[in-house]
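In this note's numbering, the protein residues as written are 652 to 736.
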């Protein structure tokens, strides 16, 4: 595994520790999400970064449903994957 692109992830506490340090991480999360917590997502990304993971958290306007801004979610996901290859 060379990278993880997480879209509005549900991350239990401490799960960022399971991402190997030589892995890239990009997490996209709607800032108004009420299904999964964007602050937890941001915190997990920051914790991974503190351990040496090349981590980036991208806040997205809106909630959990990516279909409402599908083009933006798709573009950023594709860019993240492309950068990892």
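Think of the CB as a built atom: it goes at the ideal place given N, C-alpha and C, for glycine as much as any other residue.
These numbers come from a predicted model, not from an experiment.
Notebook entry, point to check: For the 8 Å Cβ check, are there 3 or more pairs between the segment 690-706 and the segment 671-679?
Noted result: yes
Next item on the list: Return yes when the Cβ of residue 695 is within less than 9 Å of the Cβ of residue 660, no when it is not.
Entry: Here residue 660 refers to the residue found at position 9 when the chain shown is read from its first residue. Here residue 695 refers to the residue found at position 44 when the chain shown is read from its first residue. Contact: yes.
Notebook entry, point to check: Under 9 Å between the Cβ atoms of residue 683 and residue 712?
Noted result: Indexing the chain shown from 1 puts residue 683 at position 32. Indexing the chain shown from 1 puts residue 712 at position 61. Going by C-beta atoms, residue 683 is nearer than 9 Å to residue 712.
Note to self: According to DSSP, simplified to helix, strand and coil, what is residue 681?
What the structure shows: Translated into the one-based positions of the chain shown, residue 681 becomes position 30. Three-state result, residue 681: strand.
Item checked: Contacting residues, own chain, Cβ-Cβ under 8 Å from residue 709 (five flanking each side not counted) -> Your numbering for residue 709 matches position 58 in the chain shown. Closer than 8 Å at the Cβ level, and outside the excluded window around residue 709, lie 677, 678, 679, 680, 727.
Checklist line | 4 or more residues per run - each alpha helix (DSSP H) lying fully within the segment 657-714 | finding: 689-701
Next item on the list: Using the Cα positions of residue 663 and residue 729, report the straight-line distance between them to the nearest angstrom.
Entry: Translated into the one-based positions of the chain shown, residue 663 becomes position 12. Translated into the one-based positions of the chain shown, residue 729 becomes position 78. Going by the C-alpha atoms only, they are around 26 Å apart.
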